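Those letters in the sequence shown? Residues 6 to 327, by the numbering used here. For each residue, glycine too, the CB sits at the ideal point set by N, CA and C. All values reported here derive from a predicted model rather than from experimental measurement. Input: a single structure, listed below in structure tokens.
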Amino acid sequence: MTAGAAPPVAPPNPAEAARQAQAFPRLTPAQIARIEPHGRRRHVAVGEVVGDAGEPVTRIFVVVSGRLDLVRPPRWVGEEVPTFQAGMFTGERSILAGGRFLARIQAGTPCDVIEVARDALLALIQTDAELSDIFLRAFILRRLQLIDQGFGDVLLLGSNHCQGSLHIREFLTRNGHPYKFVDLDSDADSQAMLDQFHVGAGDVPVVICRGSVVLRNPTIQEVADCLGLNPTIDRTAVNDLVIIGAGPAGLGAAVYAASEGLSVVMIESNAPGGQAGTSSRIENYLGFPLGISGQELAARAYDQAQKFGAKILIAKTAIRLD
6 MTAGAAPPVA
16 PPNPAEAARQ
26 AQAFPRLTPA
36 QIARIEPHGR
46 RRHVAVGEVV
56 GDAGEPVTRI
66 FVVVSGRLDL
76 VRPPRWVGEE
86 VPTFQAGMFT
96 GERSILAGGR
106 FLARIQAGTP
116 CDVIEVARDA
126 LLALIQTDAE
136 LSDIFLRAFI
146 LRRLQLIDQG
156 FGDVLLLGSN
166 HCQGSLHIRE
176 FLTRNGHPYK
186 FVDLDSDADS
196 QAMLDQFHVG
206 AGDVPVVICR
216 GSVVLRNPTI
226 QEVADCLGLN
236 PTIDRTAVND
246 LVIIGAGPAG
256 LGAAVYAASE
266 GLSVVMIESN
276 APGGQAGTSS
286 RIENYLGFPL
296 GISGQELAAR
306 AYDQAQKFGA
316 KILIAKTAIR
326 LD
């Protein structure tokens, strides 16, 4: 290498490149044409916000021209945030559950988009096998990337020696919700953070939702409500099936019932998967000869049930059955 020459650029990892292409695919004109009857085309002005952190995720946007940008959440330092260019679409796992936007999405340039409502999207992925595969794989892989990067709407201030901190971390992890954890015992900026949010060491664990709502030593029910983990339920509606507990049996029942067109509500006091969801490896589950982790199995079943329209309530308990 000659003096002053740039170092050689390492070739991209083929497996990682393929994974990234699946997480952020570009739709073909034919695929976009099949999507358009399920949505409405509209123009978005530069700088217009199409989804803000904390708002319910009620739609996705397929970009026909121009660019939509994902805005970094507060205190997040990591890899370059993605942009959505022509042929790409917004959305991640939250759209399946009717959850909340984890960050702001706004137009980086004037653009034309196809806006697809959540109900129309769910109907589409139940009837179009090719698009179902593209959308679901992208939504799941994007959520995994957000978890790996700690990119989201939760800042947890606590300690690895605090039972409450560990309990909330387990709850967020098992529910697949991305968060950033600050260990007050070792982080150099911990006191500045405590001062900024007007909390003391005696308040830990402290959960900061979307940079503004401060929860001191919260229950998991309070965390779930603050983050909007649960879909809106019409309490006057009569459902075909109510399932108590989101263990493997409950999730299986939800998938089978919802796929047959029944209206299903499932109530879970902690996280999907039950005891099986905590297993590092399950070797005797039908269809997985190489084994599968309990959390991955639970996540797949959870997403599959919601694909068919089942509504799953997290951190809720059944008081009585009439």
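Specify the secondary structure class of V260 as computed by DSSP and reduced to three states. The answer is helix: DSSP assigns V260 an H, G or I state.
Backbone CA spacing between A122 and A26 [nearest angstrom]: Linking A122 to A26 through their CA atoms gives a straight-line distance of about 24 Å.
Within the chosen definition, does the segment 301 to 314 reach the segment 281 to 292 through at least 3 CB pairs nearer than 8 Å? Enough Cβ pairs lie closer than 8 Å, so yes.
Do L126 and Q36 count as a contact pair if the criterion is CB distance below 9 Å? Not in contact: Q36 and L126 (Cβ atoms no closer than 9 Å).
Quick one: what does DSSP say D188 is sitting in, helix, strand or coil? In this structure, D188 counts as strand in the three-state DSSP scheme.
Would you call the segment 289 to 298 and the segment 228 to 244 touching, i.e. three or more CB-CB distances under 8 Å? Judged by Cβ distances under 8 Å, the segment 289 to 298 makes no contact with the segment 228 to 244, as fewer than three pairs qualify.
Does DSSP classify L171 as helix, strand or coil? Correct three-state label for L171: helix.
Can you find the residues in the same chain that come closer than 7 Å, C-beta to C-beta, to G255, ignoring five residues on each side of it along the sequence? Answer for G255: I248 and M271, listed in chain order.
Report the residue from R325, R221 and V55 whose alpha carbon sits nearest the alpha carbon of H203. H203 has its Cα closest to that of R221, out of R325, R221 and V55.
Rounded Cβ spacing between G157 and L189 (contact assumed at less than 8 Å): About 20 Å; that fails the 8 Å criterion.
Could you work out which residue in R179, L160 and G59 is closest to V219 when comparing CA atoms only? The shortest C-alpha separation from V219 is found at L160.
Taking the beta carbon of D308 as the centre, do at least 16 other beta carbons fall within 10 Å, making it buried, or is it exposed? The residue is buried, with at least 16 neighbouring Cβ atoms inside 10 Å.
When the Cα atoms are used, what is the spatial distance from M6 to F176? Residue confidence is low: M6 scores 43 on pLDDT, short of 50, so the model does not pin down where it sits. Its coordinate-derived value is still stated next. For M6 and F176, the distance between alpha carbons rounds to 51 Å.
Any idea if H182 is buried or exposed, counting beta-carbon neighbours within 10 angstroms, 16 or more meaning buried? Buried, since its Cβ has 16 or more Cβ neighbours within 10 Å.
Please report the Cβ distance between R109 and A28, rounded to the nearest whole angstrom; I am assuming they are in contact, meaning their Cβ atoms lie under 8 Å. With a contact defined as Cβ atoms closer than 8 Å, R109 and A28 miss out at about 20 Å.
Cβ atoms of L162 and V228: under 9 Å apart, would you say? With respect to the 9 Å criterion, V228 and L162 are not classified as neighbours on the basis of their beta carbons.
Buried or exposed: which applies to A206, given that a residue is buried once 16 or more other Cβ atoms fall within 10 Å of its Cβ? Flag for A206 reads exposed.
Assuming I319 contacts N180 under a Cβ cut-off of 8 Å, what Cβ separation, rounded to an integer in Å, is found between them? Between N180 and I319 the Cβ distance is about 6 Å, and since that is below 8 Å, they are a contact.
Put H182 into one of helix, strand or coil per three-state DSSP. Looking at H182 - three-state DSSP - the assignment turns out to be coil, as it is neither helix nor strand.
How far does the beta strand (DSSP E) with M93 in it extend, from its first residue to its last? Annotation: M93 is outside any beta strand (DSSP E) and is labelled neither H nor E by DSSP.
Short Cβ contact (9 Å threshold) for K321 with S274: Their beta carbons are under 9 Å apart, which means K321 touches S274 by this criterion.
So, with DSSP's three-state summary, where would you put A122? Strand, per DSSP.
According to the Cβ coordinates, are T88 and R72 closer than 9 Å? Between T88 and R72, the C-beta spacing is below 9 Å.
Flag T237 as yes when its Cβ comes closer than 8 Å to any non-hydrogen atom of the ligand MG, and as no otherwise. Judged by which ligands are present, the structure shown has none, so any question about the ligand MG falls away.
Quick check on DSSP: helix, strand or coil for I272? In this structure, I272 counts as strand in the three-state DSSP scheme.
Beta-bridge pairing of I249 - partner residues as DSSP gives them: Under DSSP, the beta-bridge partners assigned to I249 are I272.
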